[in-house]
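Take any residue in the sequence shown, note its place counting from 1, add 75, and you have its number in the working numbering.
Every residue gets a Cβ at the ideal spot worked out from N, C-alpha and C, and that includes glycine.
Below is one structure, written out as structure tokens, with a few remarks after it.
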Amino acid sequence: LIAKQVESMKTEFKVKDLKFMLMNSFATSKDTLEALAKYESLGKGDDLEFVQNKAPKVTASDFSPATWEKEPSNEFCPPGH
76 LIAKQVESMK TEFKVKDLKF MLMNSFATSK DTLEALAKYE SLGKGDDLEF
126 VQNKAPKVTA SDFSPATWEK EPSNEFCPPG H
């Protein structure tokens, strides 16, 4: 819906370079960029988003970075935490 609104504003107000950017997370970036790819006028990649930082999980014993060999993505806190 938002992508269509931005495209409509570009046409209605005759502003070809109207910027559109999302704050995204490492967990949703890929899906977001794939969904917005069909709206070529919005831009691509870094033109469309900035990604929140990843925060590593740490061990309780010595606060060293935690590891999870079976699922390395679990080594980071979920977005927004």
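Rounded straight-line distance, which links the Cα of residue j to that of residue i
i: lysine 89; j: lysine 79; result: 15 Å
i: glutamate 109; j: glycine 120; result: 10 Å
i: serine 116; j: serine 136; result: 50 Å
i: aspartate 106; j: asparagine 99; result: 10 Å
i: glutamine 127; j: lysine 145; result: 24 Å
i: lysine 85; j: phenylalanine 138; result: 50 Å
Rounded Cβ spacing between residue i and residue j (contact assumed at less than 8 Å)
i: alanine 180; j: proline 140; result: For residue 180 there is no data in the structure shown, the boundaries of the chain being 76 and 156.
i: leucine 76; j: leucine 97; result: Not really, about 13 Å apart at Cβ, beyond 8 Å.
i: tyrosine 114; j: glutamate 87; result: With 8 Å as the limit, tyrosine 114 and glutamate 87 do not qualify as a contact, their Cβ atoms being about 16 Å apart.
Residue interval of the alpha helix (DSSP H) (run including residue i)
i: valine 81; result: 77-87
i: leucine 97; result: Run containing leucine 97: none in the alpha helix (DSSP H); it sits in the beta strand (DSSP E), 97-99.
i: threonine 107; result: 104-111
Start and end residues, beta strand (DSSP E) containing residue i
i: glutamate 124; result: 124-126
For residue i, the residue or residues it bridges with in DSSP
i: valine 90; result: Answer is none; valine 90 lacks a bridge partner.
i: proline 140; result: Val133
Minimum C-alpha distance to residue i - residue among the options
i: threonine 134; options: Leu123, Asp122 and Glu150; result: Glu150
i: proline 131; options: Leu111, Ser104 and Ser148; result: Ser148
i: serine 104; options: Phe125, Thr86, Val81 and Glu82; result: Phe125
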